[in-house]
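Counting along the sequence shown from 1, when you hit position 189 you're at 188 in numbering that gives the first Met the number 0, and nothing is skipped either side. Notes follow the structure.
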Amino acid sequence: MTALFDRHRAVLPEWLALYYRHPIEITHGEGRHVWDAEGNRYLDFFGGILTTMTAHALPEVTKAVSDQAGRIIHSSTLYLNRPMVELAERIAHLSGIPDARVFFTTSGTEANDTALLLATAYRGSNQILAMRNSYHGRSFSAVGITGNHAWSPTSLSPLQTLYVHGGVRSRGPYAELSDRQFINACVADLEDLLGHTREVAALIAEPIQGVGGFTSPPDGLYAAFREVLDRHGILWISDEVQTGWGRTGEHFWGWQAHAENGPPDILTFAKGIGNGMSIGGVVASARVMNCLDANSISTFGGSPVTMAAGLANLSYLVEHDLQGNARRVGGLLMERLRAVAAQLPLVREVRGRGLMAGIELVKPGTDEAHPEAAAAVLEAAREGGLLIGKGGGHNTSVLRIAPPLTLTVAEAEEGAAILERALRSV
Ligand code: PLP
0 MTALFDRHRA
10 VLPEWLALYY
20 RHPIEITHGE
30 GRHVWDAEGN
40 RYLDFFGGIL
50 TTMTAHALPE
60 VTKAVSDQAG
70 RIIHSSTLYL
80 NRPMVELAER
90 IAHLSGIPDA
100 RVFFTTSGTE
110 ANDTALLLAT
120 AYRGSNQILA
130 MRNSYHGRSF
140 SAVGITGNHA
150 WSPTSLSPLQ
160 TLYVHGGVRS
170 RGPYAELSDR
180 QFINACVADL
190 EDLLGHTREV
200 AALIAEPIQG
210 VGGFTSPPDG
220 LYAAFREVLD
230 RHGILWISDE
240 VQTGWGRTGE
250 HFWGWQAHAE
260 NGPPDILTFA
270 KGIGNGMSIG
280 GVVASARVMN
290 CLDANSISTF
300 GGSPVTMAAG
310 LANLSYLVEH
320 DLQGNARRVG
330 GLLMERLRAV
340 AAQLPLVREV
350 RGRGLMAGIE
360 LVKPGTDEAH
370 PEAAAAVLEA
380 AREGGLLIGK
390 GGGHNTSVLR
400 IAPPLTLTVA
410 EAEEGAAILE
420 RALRSV
């Protein structure tokens, strides 16, 4: 096969966001590995941006897709299809939200857009609380509320957004506080904000900030927020686009680390559920969901082929306890990465949960972000046969590790060794 891009004389469209100096043309994958058009094999430590959840070319998912495609590819959400109904039932049950309803979209952005639409319609207010350094997608409203302003070139959002402290633990004004003091300070900040506003529709938050560099608050922060939100009738939207389906190891959803005061009012999901097929969605109680007209359909949401993939993928995830594997193998990987980091002044922190590890790089001897080093580590890891990711916006000095949840101990060790060599080479 001829490569799409000639490494030495590539002319690339400028709108393509490419990670590497020379683009990688992926041709196929199997398990935790992918191959490029030049025949190189890579261990995939980024899982197509946390999307290949079980494995590349997992036979169970591939078969479900081809069987369904042979029957019917599309029927639209005007009609029912069995895989959609079965997947909705399973997700509603797993969500923990009472009297839950599921609405399928085709991306995380669209899921969050729908959640924002639901919350603003339900509450009759266009004020939203979002976390500093957050990311929720690239539509006008999702970009409009991001707390990572490198992503939002304009402030002409249809929503009025107020930003809350708490998504980032290790930097900022509360960095030196204990967990309890940190939570108290963030709650006081939230109360103060609410003292200066009229009706607010919802707080939207990622339990672990993804594009923001895999930062997580202490357990219980959102439960403490919930108490304040409830007093004001404000909805809590948990954006589980990166943290859902067991990726964090300890919990099936990220919100469960903040569960004392019950589940969120609205949960959004995408990425890992389809193992690469375009599935997003929103879960909310009937009371909230029904404030949108049923005719507000999504042409491609709930499409039978994607739903069949989602069902097969979810069944595999649950039956093989991939959440448990994320906890065990992720724990080992985290330990290994921390041991390497302790020897390297380039690394400020290794953080995360389960198979979601962030490695923050700084200029040695300073606390200054080092995006150039992160870019160089990415290149060196690629040369060593490993694909990893980076944070976005203001967080490009954070390396992100998020392999498929079937990662084996041997693969974790192999990847960590390549990464160690890459870090030492910079
Ligand atoms: N929410 C979070 C937390 C994300 O990380 C992302 C994408 O990275 C999105 C929403 C947007 O999802 P999508 O790219 O599927 O639109």
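Glycine is no exception: its CB is placed at the ideal position from the N, C-alpha and C atoms.
Proximity of the stretch 240-247 to the stretch 262-276 meets the contact definition, three or more beta-carbon pairs being nearer than 8 Å. With a minimum length of 4 residues, the unbroken runs of alpha helix (DSSP H) contained wholly in the stretch 155-228 fall at 178-194. DSSP places residue 18 outside any alpha helix (DSSP H), giving it a letter other than H or E. By the Cβ criterion, the stretch 279-290 is not in contact with the stretch 310-321, since fewer than three pairs of Cβ atoms, one from each stretch, lie closer than 8 Å.
Proximity of the beta carbon of residue 134 to the ligand PLP is indicated: a heavy atom of the ligand is located closer than 7 Å.
Beta-bridge analysis with DSSP links residue 398 to 358, 389.
Note on the stretch 308-347: whole alpha helix (DSSP H) runs with a minimum of 4 residues are 321-340, in chain order. DSSP places residue 40 inside the beta strand (DSSP E), whose first and last residues are 40-43. For residue 86, the enclosing alpha helix (DSSP H) starts and ends at 81-94. Annotation for residue 204: 130 place their beta carbon closer than 6 Å to its own, counting only its chain and skipping 5 residues before and after. Bridge pairing for residue 126: 159 [DSSP]. For residue 77, the closest C-alpha among the options 301, 349, 238 is that of 301.
Boundaries around residue 49 are those of the alpha helix (DSSP H), 46-49, since no beta strand (DSSP E) includes it. DSSP places residue 266 within a strand segment (E or B) once states are collapsed to three. With respect to the C-alpha of residue 138, the residue from 106, 128, 159 having the closest C-alpha is 106.
With respect to residue 35, residue 23 sits close: the two C-beta atoms are nearer than 8 Å. If you ignore the 5 residues before and after residue 375, its C-beta comes within less than 6 Å of the C-beta of 425, all in its own chain and listed in chain order. Rounded to the nearest whole angstrom, the C-alpha separation of residue 355 and residue 397 is 12 Å.
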